[in-house]
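Read through the structure below, which is laid out as structure tokens, and then see the notes.
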Amino acid sequence: MGSGMSEVIIRRATLSDVEAMHRLVNHFADEGWMLPKSRNTLYQNIRDFVVAEMDGQFAGCGALHIVWGDLGEIRSLAVEERFQKDGLGRVIVSELLADARALKLPRIFALTYQKSFFERMGFVEVPKSTMPQKVWGECMDCPKFPDCDEIAMILEIEGIE
Ligand SMILES: CC(C)(COP(=O)(O)OP(=O)(O)OC[C@H]1O[C@@H](n2cnc3c(N)ncnc32)[C@H](O)[C@@H]1OP(=O)(O)O)[C@@H](O)C(=O)NCCC(=O)NCCS
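Counting from 1, position 99 in the sequence shown corresponds to residue 102 in the working numbering; the numbering is continuous, with no gaps.
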């Protein structure tokens, strides 16, 4: 991974990560890459999140949100610009996929503009019209609703019925 001597840690988020998560996610939301998140939402969903640290510094975060018995969503995935392209996004997603396996969750989706990144993680693009109705609950609160141009991507996790 990248610069040799750097130490990467992936761990569950704690409440004291919320300020850094809030700043990072809303920075990319301002640029149109992802949905904004309030502190309220981050606190309420803190158990969905993992955090990456690079040499002891907050470097990124991502969440696995359970939608239904057979479906989860990767949300609020973000890596600090200075730490991007060094494998951290992959490590965060791998940790969320391990979580999904532990929960026996067979299918994960993401709504994203980062098609190539998610393809590298094994996701495939699907028409948004094929996504189940329950996916769209959160969309009602999105500034882009109903003209969402994000790409729907799905990963089937092997070995889970
Ligand atoms: C998407 C994001 C999390 C990727 O994080 P990252 O740490 O740079 O990704 P990684 O270094 O782990 O990349 C993993 C793989 O994806 C590829 N990749 C990453 N970003 C890519 C991009 N924008 N275009 C093409 N490929 C990309 C890498 O080359 C790498 O491929 P490899 O393992 O085969 O070499 C990061 O770019 C980001 O925070 N973007 C802004 C917020 C955002 O869009 N989040 C997604 C919301 S759904």
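The C-beta atom is built at its ideal place from N, Cα and C for all residues, glycine as well. None of the values given here were measured: they were computed from a predicted structure.
- Contiguous alpha helix (DSSP H) elements confined to the segment 33 to 117 occur at 42 to 47 and 91 to 105, taking only those with 4 or more residues.
- Taking the Cα positions, Ile12 is about 14 Å away from Leu99.
- Excluding residues up to 5 positions away in sequence, Leu158 lie with their Cβ nearer than 6 Å to the Cβ of Gly125 in the same chain.
- Sequence-distant partners of Thr115 (beyond 5 residues in either direction) whose C-beta falls short of 7 Å from its own C-beta, in its chain, are Phe121, Glu153, Ile154 and Met156.
- Linking Arg85 to Arg50 through their CA atoms gives a straight-line distance of about 26 Å.
- For a cut-off of 8 Å, the C-beta gap from Ser79 to Val28 is around 5 Å, short enough to register as a contact.
- Below 8 Å, enough C-beta pairs join the segment 63 to 77 and the segment 103 to 117 to call them touching: three or more.
- Only exposed fits Ala101, as fewer than 16 other CB atoms lie within 10 angstroms of its CB.
- In this structure, Glu83 keeps its C-beta atom at 8 Å or more from the C-beta atom of Ala113.
- Proximity of the segment 129 to 139 to the segment 19 to 26 falls short of the contact definition, fewer than three beta-carbon pairs being nearer than 8 Å.
- In the DSSP assignment, the residues bridged to Arg15 are Val53.
- Measuring C-alpha to C-alpha distances from Arg42 to each of Lys147, Glu164 and Val21 identifies Val21 as the nearest.
- Between ligand 1 and the CB of Val54, the shortest heavy atom gap is not smaller than 7 Å.
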